[in-house]
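S.K.: Numbering (my numbering), first residue to last: -19 to 95. A virtual CB, placed ideally from N, CA and C, is assigned to each residue, including glycine. Dropping a structure here in structure tokens format, bear with me for questions.
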Amino acid sequence: MTNECIFCQIAGGKIPADIVYEDNDIVAFTDINPEAPVHLVIIPRNHIASLNDVEKKDTELLGRINMTAITLAKQRGLDKTGYRLVSNMGRQAGQTVDHVHYHLLGGRFMMWPPG
Ligand code: 5GP
Ligand code: ZN
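Rendered as structure tokens:
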């Protein structure tokens, strides 16, 4: 955990969030600035700054994050309509929080390609 990182603070219970799922390795919570009717953020509990910093030992963790997203989507009925799972890496892609996270977005029609 790093003291400055907002997602580490959420994972550590230091700042409040609407947590919808957590286990020993993963935390999922509602995005504070939702871009869709469903907008969840799914993070590893451990601080990893970005996808650039993922290592081979994190392979299972990333798979579990993906499975968690799929389960959360199904729980919300998004498997019937569609959803998007997105991880922004770096400033040009729109990453603003330097702790690896996946956005789960759904509940509205979405454009492709993204802006
Ligand atoms: P990024 O822009 O890095 O891909 O995504 C960061 C996301 O984290 C944004 O969608 C932003 O709204 C969300 N976010 C930033 N700070 C907080 C916070 O303190 N609480 C919650 N729940 N979401 C946050
Ligand atoms: Zn962090």
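#1: Say the cut is 6 Å; is the CB of D11 nearer than that to a heavy atom of ligand 1?
#2: Along the chain, where does the alpha helix (DSSP H) containing T39 start, and where does it finish?
#3: Going by C-alpha distance, which of I28, H27, I45 is nearest E2?
#4: Using 8 Å for Cβ pairs, my map puts V80 next to V34. What's the rounded Cβ distance?
#5: Taking the Cβ atom as the reference point for each residue, do D11 and V21 lie within a distance shorter than 7 Å?
#6: According to DSSP, is F89 part of a helix, a strand, or is it coil?
#7: How about A8 and G87: are their beta carbons less than 7 Å apart?
#8: Helix, strand or coil, according to DSSP, for R25 in the structure here?
M.R.: Well, looking at it:
#1: Checking the Cβ of D11 against ligand 1 gives yes.
#2: Looking at the DSSP string, the run of the alpha helix (DSSP H) that includes T39 is 39 to 55.
#3: Answer by Cα proximity: I45.
#4: Yes, V80 and V34 are in contact; Cβ-Cβ is about 7 Å, under 8 Å.
#5: Inclusion of D11 and V21 in the CB contact set at 7 Å is warranted, their separation being smaller than that value.
#6: Three-state DSSP puts F89 in coil, outside helix and strand.
#7: Their beta carbons are not under 7 Å apart, which means A8 does not touch G87 by this criterion.
#8: Of the three classes helix, strand and coil, the one that applies to R25 here is coil, per DSSP.
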